[in-house]
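Visitor:
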Amino acid sequence: MPLKSILLGLILALFGSLKAQVSSYPFEESSLLWKIDGPGVKKGCYLFGTMHLIEKDYFIFPKSLQQIVKKTGVLIMELNGTPKQATVKSSLQLQAGSFFDFFTPEQNDSIVRWAVSNLHMDSTNFKTFIAPMKPFVMAQLMAQIQFKKSVESYEITFENLAKNEGIPIVGLETAEEQLKFIDQLPKTTQVAMVMETIRLGDKSHAKLLELEQTYQSQNIDALYQLMQDETGFVANEQTTLVDNRNANWIPKIETYIHKNKTFIAVGAGHLGGEKGIIRLLQAKGYRVTPVELRN
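Written out as C-alpha cells, the structure is:
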C-alpha cells in the first residue's frame, strides 16, 4: 500500500475516533476553562465561559488564567470589545411607537410602580426616559438592579488585558447583530422579559445568587440547565438566542484555532448543553477537555 494511502488511513481513523468522543450529558468533569486540541489546531487554544456581569465575590480570574491569556495570539469574544455608545444607542430605540405599546394598561402600571420604587425616579421622568426604548432596555435595567454588591465584567477585564498586551480582539458577532436577535423575538417574549422580574419580586435576587453560586461551582451543564429553567422566555427562545448562534460560531472558531494560539471567551451558557460549543467542537473531531481553574 502506498505511503500516502497509509497516512490518509491513519488520519481518517484518528479523526473518526475523535468524533466519537462527544461528552455525555451532563459532564462527568467540568470547568469554566477548556483546552482545545486536535488535527491542525495550534498549541495553546482555550475556551472560557463568562458571565457578562457578576458580583465580585463570585468573579473567578486567577493569575494562572491571566498568564494563559497573555500568551495567546488572538482573543475571541462575542463582541470585539466594548461597543461605542453612539453605535448601540440607535439600536436600543424604537423606530416607531412607544415602549408602553407592548404592554397592557395593568402591566404598564406595574412597570411604573416598579421603576418608582427601584430606580428612584418619579413616574413622569421614567415615562419620558423609557417611552422611546425597546423592552430589552427595561429588562437590562431590571437585571442590573438585582446586583446588591460591586460587580465585575469578564468582557472588560479580558479586553483591558488584551489591549495592555497588544493582543488583537476578534468578535464573533457585532453589537448590531446581537441586538437584532432580540428584535426577532416575538412580542410576547419581549413582554415576558420585563414582567418576569416584577412577578418574582424579592425572589429575583435569590435567583441571581443561585446563578452566581452555580457559576462559581464551574459546573457548566448545571449552569446551562439553570439558565433554561430560570425564566420561561429563555427556554422558549433557545434556538434563536443560543443554539443557532453556537452553530454559527463554530466555523469562525475553527478558522482561528488553526491559524493562531487562540483564547475564546463567551457566555458560559453557550458552553454547556447538548448543542453547546464544547459538544459541537467535539462532534467536529476536536478534543475539548476541562482545565482545573482555582481562584
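In terms of the working numbering, the sequence shown is residues 14 to 308. We put the CB at the ideal spot given by N, CA and C, even for glycine. Predicted model, so just to flag it, every value in this text is computed and none were measured.
Ignoring anything shorter than 4 residues, give me the alpha helix (DSSP H) runs that lie fully in the segment 154 to 241, in order along the chain.
Guide: 167 to 178, 188 to 196, 200 to 213, 216 to 230, all fully within the segment 154 to 241.
Visitor: Use the C-beta contact count for Ser230: other C-beta atoms within 10 angstroms, 16 or more gives buried, fewer gives exposed.
Guide: For the purposes of this step, residue 230 is taken as the residue at position 217 of the sequence shown. When all chains shown are included, Ser230 counts as exposed.
Visitor: Contact check, Leu4 vs Ile49 under 8 Å by CB: the rounded distance?
Guide: The structure shown has nothing for residue 4, since the chain only spans 14 to 308.
Visitor: Given this structure, state the Cα-to-Cα distance separating Thr63 from Val129, to the nearest angstrom.
Guide: Taking the sequence shown and counting its residues from 1, the one referred to as residue 63 is at position 50. Taking the sequence shown and counting its residues from 1, the one referred to as residue 129 is at position 116. Approximately 32 Å between the Cα atoms of the pair.
Visitor: In the structure shown, what three-state DSSP assignment does Leu294 receive?
Guide: Taking the sequence shown and counting its residues from 1, one reaches residue 294 at position 281. Here Leu294 sits in helix by DSSP.
Visitor: Just how far apart, CA to CA, sit Gln34 and Ala296?
Guide: The count along the sequence shown starts at 1 and reaches residue 34 at position 21. The count along the sequence shown starts at 1 and reaches residue 296 at position 283. Distance between the alpha carbons of Gln34 and Ala296 is about 7 Å.
Visitor: Could you compute how far the alpha carbon of Ile361 sits from the alpha carbon of Val87?
Guide: Any question about residue 361 goes unanswered here, given that the chain covers just 14 to 308.
Visitor: For Asp256, which residues from the same chain have a beta carbon less than 6 Å from its beta carbon, with the 5 sequence-adjacent residues on both sides left out?
Guide: Your numbering for residue 256 matches position 243 in the sequence shown. Result list for Asp256: Lys288, in chain order.
Visitor: Given a threshold of 16 other Cβ atoms within 10 Å of its Cβ, counted over all protein chains shown, does Asn177 qualify as buried or as exposed?
Guide: Walking along the sequence shown from the start, residue 177 turns up at place 164. Looking at its Cβ environment, which holds fewer than 16 other Cβ atoms inside 10 Å, Asn177 is exposed.
Visitor: Starting from the C-beta of Ala281, find all residues in its chain whose C-beta is less than 7 Å away, skip the five residues before and the five after it, and write them out in chain order.
Guide: Position 268 of the sequence shown, counting from 1, holds the residue named residue 281. Here the set comprises Leu45, Gly62, Thr63, Met64, Tyr228, Ile233, Leu236.
Visitor: Look at the alpha carbon of Gln251 and the alpha carbon of Gln241, and state the distance between them as a whole number of angstroms.
Guide: Counting from 1 along the sequence shown, the entry for residue 251 is found at position 238. Counting from 1 along the sequence shown, the entry for residue 241 is found at position 228. Distance between the alpha carbons of Gln251 and Gln241 is about 8 Å.
Visitor: At the level of alpha carbons, what is the spacing between Gly179 and Ile291?
Guide: On the sequence shown, position 166 is the one that residue 179 refers to. On the sequence shown, position 278 is the one that residue 291 refers to. So the alpha carbons of these two residues sit roughly 28 Å apart.
Visitor: Identify every residue that forms a DSSP beta bridge with Arg300.
Guide: One-based indexing of the sequence shown puts residue 300 at position 287. Beta-bridge pairing links Arg300 to Asp50.
Visitor: Alpha carbon to alpha carbon, what distance is there between Phe194 and Leu239?
Guide: In the sequence shown, residue 239 corresponds to position 226, counting from 1. In the sequence shown, residue 194 corresponds to position 181, counting from 1. Looking at the two C-alpha atoms, the distance is approximately 21 Å.
Visitor: Taking Tyr59 as part of the beta strand (DSSP E), name the residues at either end of that continuous run.
Guide: Within the sequence shown, residue 59 is the residue found at index 46, counting from 1. Segment 58 to 63, the beta strand (DSSP E) holding Tyr59.
Visitor: By DSSP, does Gln34 sit in helix, in strand, or in coil?
Guide: Along the sequence shown, one-based indexing puts residue 34 at 21. The answer is coil: DSSP assigns Gln34 none of H, G, I, E or B.
Visitor: If you follow the alpha helix (DSSP H) that Phe139 is in, where does it begin and where does it stop?
Guide: As a first step, residue 139 must be located in the sequence shown, where it is residue number 126. Counting along the chain, the alpha helix (DSSP H) containing Phe139 begins and ends at 136 to 143.
Visitor: Need the endpoints of the beta strand (DSSP E) that Ile277 sits in, please.
Guide: The sequence position of residue 277 within the sequence shown is 264, counting from 1. Looking at the DSSP string, the run of the beta strand (DSSP E) that includes Ile277 is 275 to 280.
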